[in-house]
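**Q** Here's a structure for you.
Residue numbers (the working numbering): 323 to 722.
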């Protein structure tokens with residue numbers, strides 16, 4: 323802009339200089355025409371020549387004044403216009419400077435915000451890295467076709483060292499049993515299609531050891547899924563133990579009353595006829611506990627449970643339903659098989675007593691068998707219980 327103004331000013335000087343030269347050329351011609359020598363040749367009147375000389379001087383002064391006035395006016399206008407343009411340029415320059423300053427401030431703020439975001443992202447990445455390091459889980463990154471994109475494992479997992487990185491690029495079909503691989507592909511598809519959490523629980527041995535796992539799959543983007551896999555072996559074992567304890571008597575290992583009553587309800591129907599129910603009672607348990615202590619009584623309860631277990635198949639439902647009471651549920655068992663089972667109980671009882679002569683094992687046994695047309699387990703249980711008490715009373719009479 324400065325060079326442009328300088329060029330315009332130079333053009334103005336050149337143009338005005340040409341005008342001045344032209345005017346003074348005209349004046350020179352005028353003075354030549356009215357010079358003393360030329361006038362003296364045309365006229366010999368000295369007074370006339372003197373007057374013409376004075377007039378010439380006044381004309382020269384007048385013309386010079388006019389030229390100077392015109393030039394001064396022209397320069398004044400030019401300077402005023404130049405000042406106006408300069409003021410406008412200064413305004414534009416000031417506005418440009420303000421815009422540049424605002425842009426610079428905005429860039430500075432953007433840079434500061436960018437640096438702040440970078441610091442936040444770095445802090446979050448460090449936090450995520452620490453979090454991933456602390457999580458005792460396997461983390462897998464799958465594409466929609468079941469190929470490993472990335473993975474992470476911890477050293478405390480029961481896996482060979484550096485056994486995870488080689489998974490990248492491989493398919494679940496390369497590493498998992500076919501049914502489990504198919505289930506995984508299905509879960510990946512469901513996670514991508516529904517954007518909902520998919521949970522898989524499965525059994526997969528590692529290093530020849532039984533292991534149970536829980537996989538949680540969540541949609542990462544339109545074509546990839548993140549899976550967090552946790553070793554749930556201890557939890558599964560604990561749940562299995564709790565489930566076992568919820569169905570079994572902790573002392574004898576037989577089924578408990580809750581499970582027996584549940585099976586009584588399940589087998590309540592004609593399709594299970596003829597149904598047989600045994601009810602047994604360990605004789606004299608209270609006297610034994612009072613005389614020898616509960617520890618001795620517990621041993622006798624275990625002996626009774628062992629005698630009953632020996633008398634039936636392992637799939638038969640044998641339960642301890644009370645402190646000294648036992649019950650057996652035998653679907654599709656006719657009368658002759660029930661009598662044979664009763665005799666096996668007596669044989670097991672006699673075998674125990676032959677080997678243990680300090681305290682005799684005495685079990686009162688009652689059973690009931692339904693007809694071929696019905697199997698009302700509640701009625702059978704009451705009948706077997708009554709038969710058991712009849713035998714118990716007979717034992718008391720014999721002892722008396």
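Glycine included, C-beta positions come from ideal geometry on N, C-alpha and C.
Model, not experiment: these values are computed from the prediction.
Could you tell me the distance, in whole angstroms, from the CA atom of residue 600 to the CA atom of residue 649?
**A** Approximately 5 Å, taken between the alpha carbons.
**Q** Counting Cβ pairs closer than 8 Å, one from the region 597 to 615 and one from the region 692 to 700, do we hit at least three?
**A** Short answer: they touch.
**Q** Residue 466 and residue 545 - do their beta-carbons sit closer together than 7 Å?
**A** Yes, Cβ-Cβ distance for residue 545 and residue 466 is below 7 Å.
**Q** Identify whether residue 714 lies in helix, strand or coil by the three-state DSSP scheme.
**A** Of the three classes helix, strand and coil, the one that applies to residue 714 here is helix, per DSSP.
**Q** For residue 642, name the three-state secondary structure that DSSP assigns.
**A** Correct three-state label for residue 642: strand.
**Q** Report the option in 662, 666, 646 whose CA atom is closest to the CA atom of residue 631.
**A** It is 666 whose Cα lies nearest to the Cα of residue 631.
**Q** Go through its chain and collect everything with a Cβ distance to residue 671's Cβ below 7 Å, but skip five positions before and after it.
**A** Excluding residues within five positions, the ones whose Cβ falls inside 7 Å are 629, 683, 685.
**Q** Buried or exposed, going by whether 16 or more other CB atoms sit within 10 Å of the CB of residue 387?
**A** So residue 387 counts as exposed.
**Q** Label residue 613 either buried or exposed according to how many other C-beta atoms from any shown protein chain fall within 10 Å of its C-beta, with 16 as the threshold for buried.
**A** That one is exposed.
**Q** Who are the Cβ neighbours of residue 592 in its own chain at under 8 Å, not counting the five residues just before and after it?
**A** Here the set comprises 695, 696, 697.
**Q** By the 10 Å Cβ neighbour count, where 16 or more other Cβ atoms means buried, how is residue 642 classified, buried or exposed?
**A** So residue 642 ends up on the buried side.
**Q** Please name the residue or residues paired with residue 463 in a DSSP beta bridge.
**A** For residue 463, which the question treats as bridged, DSSP gives the partners 472, 548.
**Q** Who are residue 603's beta bridge partners in DSSP?
**A** Note: residue 603 sits in a beta bridge opposite 647, 686.
**Q** Span of the alpha helix (DSSP H) holding residue 512?
**A** Counting along the chain, the alpha helix (DSSP H) containing residue 512 begins and ends at 500 to 516.
**Q** Return the bridge partner residues of residue 537 from the DSSP annotation.
**A** BP columns for residue 537 point to 522, 551.
**Q** Terminal residues of the continuous alpha helix (DSSP H) containing residue 633?
**A** First-last of the alpha helix (DSSP H) with residue 633: 616 to 633.
**Q** Provide the residue span of the alpha helix (DSSP H) that contains residue 494, from first to last.
**A** From DSSP, the alpha helix (DSSP H) with residue 494 extends over 494 to 497.
**Q** Provide the residue(s) that pair with residue 528 in DSSP beta bridges, ordered along the chain.
**A** According to DSSP, residue 528 bridges with 531.
**Q** Mapping the DSSP letters down to three states, classify residue 481 as helix, strand or coil.
**A** At residue 481, the pLDDT of 45 sits below 50, so the modelled position is not reliable; the number obtained from the coordinates is stated separately. Residue state, collapsed to three classes: coil.
**Q** Identify the residues that DSSP records as bridge partners of residue 598: which are they?
**A** Bridge partners of residue 598: 652, 691.
**Q** Answer with buried or exposed for residue 527, where buried requires no fewer than 16 other C-beta atoms within 10 angstroms of its C-beta.
**A** Residue 527 should be labelled exposed.
**Q** Would you list the one or two residues that DSSP bridges to residue 570?
**A** Answer is 577, bridged to residue 570.
**Q** Here's the rule I'm using: 16 or more other beta-carbon atoms within 10 Å means buried, otherwise exposed. How should residue 494 be labelled?
**A** Looking at its Cβ environment, which holds 16 or more other Cβ atoms inside 10 Å, residue 494 is buried.
**Q** Would the beta-carbon of residue 464 fall within 7 Å of that of residue 507?
**A** No, the pair does not count as a contact, with Cβ atoms beyond the cut-off.
**Q** Suppose you measure from the CA of residue 669 to the CA of residue 675; what does that come to, to the nearest Å?
**A** Each residue's alpha carbon lies about 10 Å from the other.
**Q** Run through DSSP, which three-state label would residue 589 get?
**A** Looking at residue 589 - three-state DSSP - the assignment turns out to be coil, as it is neither helix nor strand.
**Q** Between which residues of its own chain and residue 619 is the CB-CB distance below 8 Å, once the five residues before and five after are set aside?
**A** Cβ neighbours of residue 619 beyond the five flanking positions: 607, 610, 611.
**Q** Taking the C-alpha atoms as reference points, what is the distance between residue 651 and residue 524?
**A** Rounded to whole angstroms, residue 651 to residue 524 spans 33 Å at the Cα level.
**Q** With distances taken from CA atoms, which of 550, 663, 605 is nearest residue 716?
**A** Closest option to residue 716, Cα to Cα, is 605.
**Q** Please classify residue 653 as buried or exposed, where buried requires at least 16 other C-beta atoms within 10 Å of its C-beta.
**A** Looking at its Cβ environment, which holds 16 or more other Cβ atoms inside 10 Å, residue 653 is buried.
**Q** Taking the straight line between their C-alpha atoms, what separation do you get for residue 449 and residue 585?
**A** If you take the alpha carbons of residue 449 and residue 585, they lie about 54 Å apart.
**Q** Count the other CB atoms within 10 Å of the CB of residue 413; is the residue buried (16 or more) or exposed (fewer)?
**A** It is exposed - the Cβ of residue 413 has fewer than 16 other Cβ atoms within 10 Å.
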